[in-house]
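Numbering (this note's numbering) for the sequence shown: 1464 to 1650. Notes to accompany the following structure.
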Amino acid sequence: IMGTFAIVIGVFILNFSQATKGKWKWWISLFPLGAALCFGLRDFLTKMGLGNLPIPLPGASVTATTSLLVFLLAFTISKKRRQLRLPKRSFLLFLGSGIFLMFSYVCSFFALQSGLVSQVSPLMSVSPLFSVILSYLFLQSEEKVNQKVVYGTLLIVSGTMGVTLGWKKKSISGYNVNQKWKTVRRL
């Protein structure tokens, strides 16, 4: 309960901080929460898939390729695809982002292969701390990282870790993902 409370307070602080200048609407919070749900599902499915692989690199490659194919499908069916132009600078920045995303896949796949989802996911949930630090260092002209943003981020990260680790103690003990996956495959 305390972890959930910390997340809600952290989101509230971020939504109403001076950094957003009143531009942040409550419903916009649904997008990062949806992304968090998808990342949670990704970690769970990855852990189950890694039960059948000796090394996680093929899994990371399939994940990255699937993302590309979904993007290409969305781009192909989009009616506004002719209006999409990518300046060279943006292309290079997205290319760098893609390289770091692939490294994050490889690192997370190795971590999930070696550890428990309930322990690995909270550690990967500290990424907002890095985002805030990098925003402060490199995006000062576009984003204001003030004390409220820092406190909100710390509350969200600590709340996420608290919820995840608290849930682990109550629900995960004795749960064998690979055994459950074998049961599902037999069906």
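The C-beta atom is built at its ideal place from N, Cα and C for all residues, glycine as well.
Counting C-beta atoms within 10 angstroms of its own C-beta, F1566 has fewer than 16 neighbours from the protein chains shown and is therefore classed as exposed. Here the C-alpha atom of P1521 lies approximately 11 Å from the C-alpha atom of Y1568. A check of alpha carbon separations from S1594 across S1604, T1616, I1540 and F1573 identifies T1616 as the nearest. In the three-state reduction of the DSSP assignment, V1612 falls in the helix class, which pools H, G and I. In the structure shown, the three-state DSSP call for L1549 is coil. Taking the C-beta atoms as reference points, L1618 is found nearer than 8 Å to I1472.
Going by beta carbons, S1621 and V1608 fall outside the 8 Å limit. One alpha carbon belongs to P1550, the other to L1558, and they sit about 12 Å apart.
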